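Just so you know, the protein sequences line up as chains A and B, in that order. Numbering that gives the first Met the number 0 applies: residue 0 is where the first sequence begins, and numbers increase by one. Numbering that gives the first Met the number 0 applies: residue 0 is where the second sequence begins, and numbers increase by one. All C-beta atoms in this analysis are idealised placements derived from N, C-alpha and C, irrespective of residue type, glycine included. Being a predicted model, the structure only gives us computed values, none of them experimental. To start, the structure itself, in structure tokens.
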Amino acid sequence: MATRITIDPVTRIEGHLRVDCELSGGKVSNAWASGQMWRGIETILKGRDPREAWLFTQRICGVCTTVHAIASVRSVESALKLEVPLNAQYIRNMLIAAHAIQDHIVHFYHLSALDWVDVTSALKADPKKTASLAQGISSWHLNSVQELSQTQERLKAFVGGGQLGIFANGYWGHPAMKLSPEVNLLATTHYLQALEVQRRANMIISILGSKTPHIQNLAVGGVTNAINTDSPSTLSMERLFYVKTLIDELGDFINNVYLPDVCAIGAFYSEWTAYGAGVMNYLSVPEYPLDTKCTSFAHAGGYIPNGDVSKFQPIKNFQDEYFIKGVSESNKHAWYKGNADLHPWKGETDPEYTDFQDNGKYSWVKAPTFHGAPAQVGPLANVLCMYAAGHAPTKKYTEKALATVSSLAGKTVGIGALHSTIGRHAARAVRAAVIHETLQNQWQLLIENIGKGDTTIFNKPEFPNGEVRGVGMHEAPRGVLSHWIVIDKKKIKNYQAVVPSTWNSSPRNSKDAPGPYEASLIGTPIAVPDKPLEVLRTVHSFDPCLACAIHLVDKENKEIVKVRAL
Amino acid sequence: MNVLVMGIGNLLLQDEGAGVWVVEEFEKRYETPEGVELLDGGTSGIELLQYIYGRDVLILIDVVRNGDPCGTLTRFEGDDVPALFQKKISPHQLGISDLLATARLVDMMPKQVILLGIEPKSIDTGLELTPEIGAQIGRMADLVAEEITALGIPIMQK
Numbered sequence: 000m001a002t003r004i005t006i007d008p009v010t011r012i013e014g015h016l017r018v019d020c021e022l023s024g025g026k027v028s029n030a031w032a033s034g035q036m037w038r039g040i041e042t043i044l045k046g047r048d049p050r051e052a053w054l055f056t057q058r059i060c061g062v063c064t065t066v067h068a069i070a071s072v073r074s075v076e077s078a079l080k081l082e083v084p085l086n087a088q089y090i091r092n093m094l095i096a097a098h099a100i101q102d103h104i105v106h107f108y109h110l111s112a113l114d115w116v117d118v119t120s121a122l123k124a125d126p127k128k129t130a131s132l133a134q135g136i137s138s139w140h141l142n143s144v145q146e147l148s149q150t151q152e153r154l155k156a157f158v159g160g161g162q163l164g165i166f167a168n169g170y171w172g173h174p175a176m177k178l179s180p181e182v183n184l185l186a187t188t189h190y191l192q193a194l195e196v197q198r199r200a201n202m203i204i205s206i207l208g209s210k211t212p213h214i215q216n217l218a219v220g221g222v223t224n225a226i227n228t229d230s231p232s233t234l235s236m237e238r239l240f241y242v243k244t245l246i247d248e249l250g251d252f253i254n255n256v257y258l259p260d261v262c263a264i265g266a267f268y269s270e271w272t273a274y275g276a277g278v279m280n281y282l283s284v285p286e287y288p289l290d291t292k293c294t295s296f297a298h299a300g301g302y303i304p305n306g307d308v309s310k311f312q313p314i315k316n317f318q319d320e321y322f323i324k325g326v327s328e329s330n331k332h333a334w335y336k337g338n339a340d341l342h343p344w345k346g347e348t349d350p351e352y353t354d355f356q357d358n359g360k361y362s363w364v365k366a367p368t369f370h371g372a373p374a375q376v377g378p379l380a381n382v383l384c385m386y387a388a389g390h391a392p393t394k395k396y397t398e399k400a401l402a403t404v405s406s407l408a409g410k411t412v413g414i415g416a417l418h419s420t421i422g423r424h425a426a427r428a429v430r431a432a433v434i435h436e437t438l439q440n441q442w443q444l445l446i447e448n449i450g451k452g453d454t455t456i457f458n459k460p461e462f463p464n465g466e467v468r469g470v471g472m473h474e475a476p477r478g479v480l481s482h483w484i485v486i487d488k489k490k491i492k493n494y495q496a497v498v499p500s501t502w503n504s505s506p507r508n509s510k511d512a513p514g515p516y517e518a519s520l521i522g523t524p525i526a527v528p529d530k531p532l533e534v535l536r537t538v539h540s541f542d543p544c545l546a547c548a549i550h551l552v553d554k555e556n557k558e559i560v561k562v563r564a565l
Numbered sequence: 000m001n002v003l004v005m006g007i008g009n010l011l012l013q014d015e016g017a018g019v020w021v022v023e024e025f026e027k028r029y030e031t032p033e034g035v036e037l038l039d040g041g042t043s044g045i046e047l048l049q050y051i052y053g054r055d056v057l058i059l060i061d062v063v064r065n066g067d068p069c070g071t072l073t074r075f076e077g078d079d080v081p082a083l084f085q086k087k088i089s090p091h092q093l094g095i096s097d098l099l100a101t102a103r104l105v106d107m108m109p110k111q112v113i114l115l116g117i118e119p120k121s122i123d124t125g126l127e128l129t130p131e132i133g134a135q136i137g138r139m140a141d142l143v144a145e146e147i148t149a150l151g152i153p154i155m156q157k
């Protein structure tokens, strides 16, 4: 007999995502991903001054504030063919890198590790055994017996007081939880340490962005960070050297804790390299522009069809027609009028709500396609594209991670293992290490450029009276983000944001092909239908974020998992 | 005394942004006393941990859906602040309640936490508050001032 599971919401803060799965024979046989809230935030922007759009767009989301600000200013600069001064590129690049590192660390430890790590089991661990296990994997100075014992005592006090707090309602003791008490204790200790580390990453954003959350230092045409090497009220050398200290601390954690932890969890759960691949068309855009015209980049972008790295097609720059002409969106299975595949500059968002219809319309998310096919975006797509493009740091960290996993698992694990649920976590950790090197380089480039006497931070935008169009591309922590703008008579005429989670949480498209979340769930075994931990593992591995943050404190209790026999 | 007054919410979703509106209104009406910091916490979650660290008192302003008529003002203090959701799918959802639970776990919880809430009417897309909620923003700013006074910190109107 078949069973249907509905999980709603899959996450809370990141908006309303509902996932429905049909099970037969203990495995997922069909799946639907549904955005449960109408965004329509773009309509707020129509008729506004394009120079202020970024201040609104960065409030779209509670997690990825900075990224919508960056994509927005880039869209206007693209429409005006406006160059961005080098200092502004470097400062933006540092913000982008620090934000991505913070985001990846928080995603792994605080938003998804507890899908794999059983906190209650950590209470049974032997701290001495844990310390010797840890020292075999990494030289991190906070893996001491003392540190591990302290974490365990703190957990005991927490659990003993009858209050699991943040850990309440996890799937503790679930049959799919397989780590030893010692590995669980180590991971839980790093969960706590990561809270402090993400705070350090955020301090970089505060210093460069003037405020966080919601940075204030951007402008169409550059940044507003006045540079004066001696003045304490501007971006001075003293501040820049403090930023360097923070950057070094992040590197220590990424290389000695985050990457080894992901490798260890990947090795202990190596069966998960066989689940969760789904859509294997991978899309990524270039990032970290190195010149004023955005033609050369520190990170490559491109497209890989059917997981075949040898068919990699580069996306070279922010003007690349292969990308600009390749994106369209379908409303066939989304609650909007029309069936056609439309380019974002011509995108329409006229709502037409039906009920949840398995074969009809069932989501507020449109179905984006790249040259007619669904595409997966995110760190895995980004890492595979950079690997295909021969990006040296990406090759170095990918090979390092695969070698660590192979030695811990006692068998050879190749790059093919990345096309999976656990592979997405591994790729995210690799990407964090790569971005950390980029962050160091951008800091160096900024210092050198200021050293040459260049303090330019802004080029003034001039708007023509006629119609102009632009696209702002950004390789965000969750993947390809693009803001599409049409400006007429100096005002916004149309604005469409195609966010990363639109690609990944896409419903079926105009050809009825499933989106990445949907396809990735097929074939996953589910041990306990009313505790669908395995579904969450795969969906969370994408780092889901539907761009409509709601912070409502809700005192009502609502049923979240529903199971019914079909 | 080290006090943080933090308004939370999404300004693009009508009443959802009420907390941020209250902080702005407070700034218009009162001189911010020494030892008190105001923060537009916007739509962010875990990033806010750094602002909570080292505070004696945290005054949070947010919309609270309690099933009361829209515009109803509520006040929670200490353990009554909903520090976690009783029914959650898993511990991966970081909102303000989870932020406080995390702060408690890592001993960063301020000694005193006060939540001033307002029942929303509409959280649809839009930059304007509904009239019912808009009419209460001034009153809420005054309530924030009263909380600060009750802490023994003198406060002056502008």
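- Close to Val105 of chain A, with beta-carbon spacing below 7 Å, are these residues of chain B in chain order: Ile45.
- Among the residues of chain B, none has a CB under 7 Å from the CB of Gln35 of chain A; the nearest is roughly 13 Å distant.
- Taking Gln151 of chain A as reference, the option from A:Thr129, A:Thr42, A:Gly469 and A:Ile136 with the minimal CA-CA separation is A:Thr129.
- Three or more Cβ pairs drawn from the region 427-434 of chain A and the region 389-404 of chain A lie within less than 8 Å of each other, which places the two stretches in contact.
- Among the residues facing chain A, Gln49 of chain B is included, as its CB has a counterpart in that chain under 8 Å away.
- For the options A:Arg47, A:Gly46 and A:Ala99, the alpha carbon positioned closest to that of Cys63 of chain A is the one of A:Ala99.
- Along the region 50-83 of chain A, the alpha helix (DSSP H) occurs as fully enclosed runs of 4 or more residues at 52-56 and 64-79, listed in sequence order.
- Residues of the same chain with a CB within less than 6 Å of the CB of Lys492 of chain A, apart from the 5 flanking positions on each side, are Val485 in chain order.
- Residues of chain A whose Cβ lies closer than 9 Å to the Cβ of Val105 of chain B are, in chain order, Arg153, Leu191, Leu194 and Glu195.
- The beta carbon of Arg3 of chain A does not come within 8 Å of any beta carbon belonging to chain B, so the residue lies off that interface.
- Ser519 of chain A is positioned such that its CB atom lies no closer than 8 Å to that of Thr501 of chain A.
- The Cβ atoms of Leu104 of chain B and Phe157 of chain A lie closer than 8 Å to each other.
- Counting C-beta atoms within 10 angstroms of its own C-beta, Pro350 of chain A has fewer than 16 neighbours from the protein chains shown and is therefore classed as exposed.
- The region 127-144 of chain A and the region 268-278 of chain A do not touch, with fewer than 3 CB-CB distances between them shorter than 8 Å.
- Leu341 of chain A sits in a strand when the DSSP states are folded into three classes.
- The criterion of a C-beta distance shorter than 8 Å is not satisfied by Tyr29 of chain B and Ile122 of chain B.
- Contact annotation, Gln441 of chain A with Met93 of chain A: C-beta distance approximately 5 Å; criterion of less than 8 Å satisfied.
- In the DSSP annotation of this structure, the continuous segment of the alpha helix (DSSP H) that includes Arg238 of chain A starts and ends at Met236 to Phe252.
- With the criterion set as a beta carbon lying under 9 Å from some beta carbon of chain B, the members of the region 201-218 of chain A are Asn201, Met202, Ile204, Ser205, Lys210, Thr211, Pro212 and His213, in sequence order.
- By the criterion of a C-beta distance shorter than 7 Å, Gln495 of chain A is surrounded in its chain by Glu41, Pro343, Gly346 and Trp483, once the five residues flanking it on both sides are discounted.
- Only residues of its own chain outside the window of five on either side were considered, and among them Ile246 and Gly250 have a CB closer than 8 Å to the CB of Gln439 of chain A, listed in chain order.
- The beta carbon of Asp19 of chain A lies closer than 6 Å to those of Thr5 and Trp31 in the same chain, with the five residues before and after it left out.
- Proximity of Leu115 of chain B to chain A, defined by a Cβ-Cβ separation below 8 Å, is not satisfied.
- Contact with chain A is absent for Thr71 of chain B, since none of that chain's Cβ atoms lies less than 8 Å from the residue's Cβ.
- Cα atoms of Gln135 of chain B and Ala97 of chain A: separation of roughly 39 Å, rounded to the nearest angstrom.
- Assignment of beta-bridge partners to Lys561 of chain A by DSSP yields A:Thr5.
- Here Trp115 of chain A has Ile264 as same chain residues with Cβ atoms under 6 Å from its own Cβ, once five neighbours each way along the sequence are excluded.
- Cα atoms of Asn448 of chain A and Ser74 of chain A: separation of roughly 26 Å, rounded to the nearest angstrom.
- Nearest CB-CB separation between His109 of chain A and chain B: below the 8 Å threshold.
- Just measuring C-alpha positions, the residue of A:Asp357, A:Ser405, A:Glu320 and A:Tyr321 sitting nearest Trp334 of chain A is A:Asp357.
- Pairing Glu46 of chain B with Asn224 of chain A, the inter-Cα distance amounts to about 22 Å.
- Distance from Gly377 of chain A to Arg507 of chain A at the Cβ level is roughly 20 Å; contact not present, criterion being Cβ atoms closer than 8 Å.
- Of the residues B:Gly16, B:Ile147 and B:Asn65, the one whose Cα lies closest to the Cα of Thr129 of chain B is B:Gly16.
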